Amino acid sequence: MNHNGWNRTLVGFIKSRRMLKTYPRPSRFDYNLIVIGGGSAGLVSSYIAAAVKAKVALIERHKMGGDCLNTGCVPSKALIRSAKMLAYARRAKAFGFRKTEIDFKFAEVMERIQRVIKKVEPHDSIERYSSLGVECITGDASIRSPYEVEVNGKLITSRAMIIATGARPMVPPLPGLDQCDYLTSDTVWDLRERPERMVILGGGPIGCELAQSFQRLGVAVTLIQRGPRILPREDEDVAELVSSRFRAEGMQLLTRHAATSIDNSDDLKQVVCESNGKQVKIAFDQILIALGRKANVQGFGLEELQVNIAQRGTLVADPFLRTNFPNIYVCGDVTGPYQFTHTAAHQAWYAAVNALFSPLKKFKVDYSVIPWATYTDPEVARVGLNELEAKEQNIAYELTTYGIDDLDRAIADEEDHGLVKVLTVPGRDKILGVTIVGSHAGDLIAEFVTAMKYGLGLNKILGTIHIYPTLAEANKYVAGNWKKAHKPEALLRWVERFHRWRLGG
Ligand SMILES: Cc1cc2nc3c(=O)[nH]c(=O)nc-3n(C[C@H](O)[C@H](O)[C@H](O)COP(=O)(O)OP(=O)(O)OC[C@H]3O[C@@H](n4cnc5c(N)ncnc54)[C@H](O)[C@@H]3O)c2cc1C
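In this text, residue positions in the sequence shown follow our numbering: the first is 49, and each later residue adds one.
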């Protein structure tokens, strides 16, 4: 940190101490830690607090498990799985079958998702967390002071708190949208009747996963993206592999289309878009808004307390995940910068440990190796930098690729498509980042996550035995491609002379 950085931190620290002092500190606290929000971030925070024997209360106003269990990861992955079964059935010939017909009811597929949620639910339940030593409170929490939270009309006190209130779908102020019963990732799971035509606004991971699934389930999906391509955080060639599959499966993909309003006239619902200076109208029965997520920061006392909120609407946190109040910590979607279950859980450890042990011991959150996956087919998984970011940040890199169309197991599985892209420090095997596109990319990336976390280079991956035939061999083969490009030419010339000499004569 530079001089200015330190100054700002010091000033912030003094200010926050002063702010805290303006509130009377109870002589005794009910809890060591109060956690607000029982999603991924809140569950893990309270679990860690209970594991280190702190007295901890977890307050959840709706459903334990939050978005991930109820409206996010779990239902979306269940939907993707059912849709994939259909996609396989449609490719039956490729597997040597003449014909496969699947008879299904949309409603039953959507019901299965609820069964999956029910099956996972005990992992996040009040019963489980109570048995782990967490005091679970069902109710709407309101922060009354840095030490006090009101819930169900009762004031409870704590030495520290963690805000883990998550995020919700961002809904744009599109004229006409509120008259058309739009869907979001919160409500789409209630669909039981299959729409004929569905428009999905937003080509990020959530929009893409849902668009492909519904298209596969027989809905005519139009995916609308304002920018030039879907999955804008990923490299262009990576996004193109996904786009071309979407188109091949019959989805209408409209990039460079900006939705401007919804036309509900004449019993026909249409989204009005602007594209290249022209007006385009797309009819739909259902419209799903997948335009990002907004942090839940309003209506529970943060504004009154003047907890700092960033311009993008998330709670500001320092590297220790503290807000501008030294005893109020934050983790998960409500602060970002990543909005994944695994990053929420990662942050939760830091927030809980720092909240309970600071100033005796505190840790800066480590964002150095963050992986994620988008569960489209093909899947896209990433850790570290991609080409786009390396160029933006002016970081020199060397690119090595391996085409999964060449991989024995992928060929046997009829999944011989996609690629592995590895960015390394020029002339060295140190990994800067990896993107994998293909079947089970989200699982395959794990080897590179470990490698990056523990500083293992491509030589180490190449020197590791990978079981034959597996998709994971792709990781070894990309390392092999890197090695081929860096073979010791001078040594090999010398060895060639040595072998010639040994031939005699
Ligand atoms: C469709 C979809 C698919 C996704 N797929 C994946 C995926 O495959 N992998 C992945 O890693 N991530 C995925 N995510 C993202 C993931 O769900 C979130 O990153 C994660 O749930 C964030 O957890 P959280 O604890 O921060 O917030 P949340 O899960 O939103 O939990 C916050 C909780 O706080 C409660 N709350 C809010 N205010 C109060 C209050 N005042 N009092 C009491 N309780 C309150 C809410 O009711 C909620 O339960 C997906 C998200 C969506 C929408």
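No residue lacks a Cβ here, since even glycine has one placed at the ideal position from N, Cα and C. Keep in mind that this is a model prediction, so the values were computed, not measured.
> Does at least one heavy atom of ligand 1 sit under 6 angstroms from the Cβ of Phe388?
Replying inline: yes
> So, is Asn200 buried or exposed, given that buried needs 16 or more other C-beta atoms within 10 angstroms?
Replying inline: exposed
> Is His110 near ligand 1, going by C-beta to nearest heavy atom under 6 angstroms?
Replying inline: yes
>> Short of 7 angstroms in beta carbon distance, which residues of its chain neighbour Leu510, apart from the five on each side in sequence? Order them along the chain.
In response: Lys524, Ala527, Gly528 and Lys531
> How about Ala268: is its Cβ closer than 6 angstroms to a heavy atom in ligand 3?
Replying inline: With respect to ligand 3, the structure offers nothing, as its ligand set consists of ligand 1.
>> Give me the residue from Thr424, Leu353 and Val83 with the minimum Cα distance to Cys184.
In response: Val83
>> Please determine whether the Cβ atom of Cys116 lies at a distance below 6 angstroms from any heavy atom of ligand 1.
In response: Yes; taking the cut-off as 6 angstroms, the Cβ of Cys116 has a heavy atom of ligand 1 nearer than that.
>> Can you tell me where the alpha helix (DSSP H) holding Thr119 begins and where it ends?
In response: Looking at the DSSP string, Thr119 is not in any alpha helix (DSSP H), and its letter there is neither H nor E.
> Which residues in the same chain have their Cβ closer than 6 angstroms to the Cβ of Asp496, if we skip the five residues on either side of it in sequence?
Replying inline: Looking at the sequence shown, residue 496 is not Asp but Phe. Once the five neighbours on either side are set aside, the close Cβ partners of Phe496 are Val431 and Val482.
>> I'd like the span of the beta strand (DSSP E) that includes Asp311, first residue to last.
In response: Residue range Ala306 to Asp311 is occupied by the beta strand (DSSP E) that includes Asp311.
>> Distance check for Arg242 and Ala137, CA to CA, integer angstroms please.
In response: 19 angstroms
>> For Lys342, report the span of its beta strand (DSSP E) as first-last.
In response: Start and end: Arg341 to Ala343.
> Is the CB-CB distance between Ile452 and Gly486 below 7 angstroms?
Replying inline: yes
> Closer than 6 angstroms: is that where the CB of Cys256 sits relative to any heavy atom of ligand 1?
Replying inline: no
> What residues match up with Cys321 in a beta bridge as DSSP calls it?
Replying inline: Ala307 and Val328
> Taking 6 angstroms as the cut-off, is the CB of Thr213 close to at least one heavy atom of ligand 1?
Replying inline: yes
>> For a test of the three-state rule: what should DSSP assign to Arg245, helix, strand or coil?
In response: strand
> Distance, Cα to Cα, Leu91 vs Asp172?
Replying inline: 7 angstroms
> Taking just the CA atoms, how far does Leu258 sit from Arg240?
Replying inline: 15 angstroms
> Any beta-carbon of chain B closer than 7 angstroms to the one on Ile254?
Replying inline: Checking the listed chains, one finds no chain B in this structure; it contains a single protein chain.
>> Could you check if Gly380 belongs to the surroundings of ligand 1, using beta carbon to heavy atom distance under 6 angstroms?
In response: yes
> For Leu455, which of Tyr230, Val417 and Thr518 has the nearest alpha-carbon?
Replying inline: Thr518
>> Which residue wins for smallest C-alpha separation from Thr498, given the options Lys439, Pro419 and Tyr516?
In response: It is Pro419 whose Cα lies nearest to the Cα of Thr498.
>> Quick check on Trp237: buried or exposed, where buried means 16 or more other Cβ atoms within 10 Å of its Cβ?
In response: buried
> Quick one, are the C-beta atoms of Leu81 and Phe373 less than 7 angstroms apart?
Replying inline: no
> Relative to the alpha-carbon of Met133, which residue among Val157, Phe411, Asn312 and Tyr95 has its alpha-carbon at the smallest distance?
Replying inline: Taking Met133 as reference, the option from Val157, Phe411, Asn312 and Tyr95 with the minimal CA-CA separation is Val157.
>> Less than 8 angstroms between C-beta atoms, sequence neighbours within five positions excluded: which residues of the same chain meet that for Thr389?
In response: Ser88, Cys116, Gly120 and Cys121
>> In chain order, what are the residue ranges of uninterrupted beta strand (DSSP E) at least 3 long that sit wholly in the stretch 143–210?
In response: 183–186, 190–193 and 196–199
> DSSP state of Val236, grouped into three classes?
Replying inline: helix
> Can you pull the DSSP bridge partners for Thr472?
Replying inline: Glu446 and Ile479
>> Rounded to whole angstroms, what is the Cα-Cα separation between Gly490 and Val286?
In response: 14 angstroms
> Any idea what DSSP makes of Gly490, helix, strand or coil?
Replying inline: Gly490: helix per DSSP, three-state reduction.
> Roughly how many angstroms lie between the CA atoms of Glu108 and Lys317, to the nearest whole one?
Replying inline: One C-alpha to the other measures close to 37 angstroms.
> From Val328 to Val319, what distance separates their C-alpha atoms?
Replying inline: 8 angstroms
> Do the stretch 304–314 and the stretch 215–223 make contact, defined as three or more Cβ pairs closer than 8 angstroms?
Replying inline: yes
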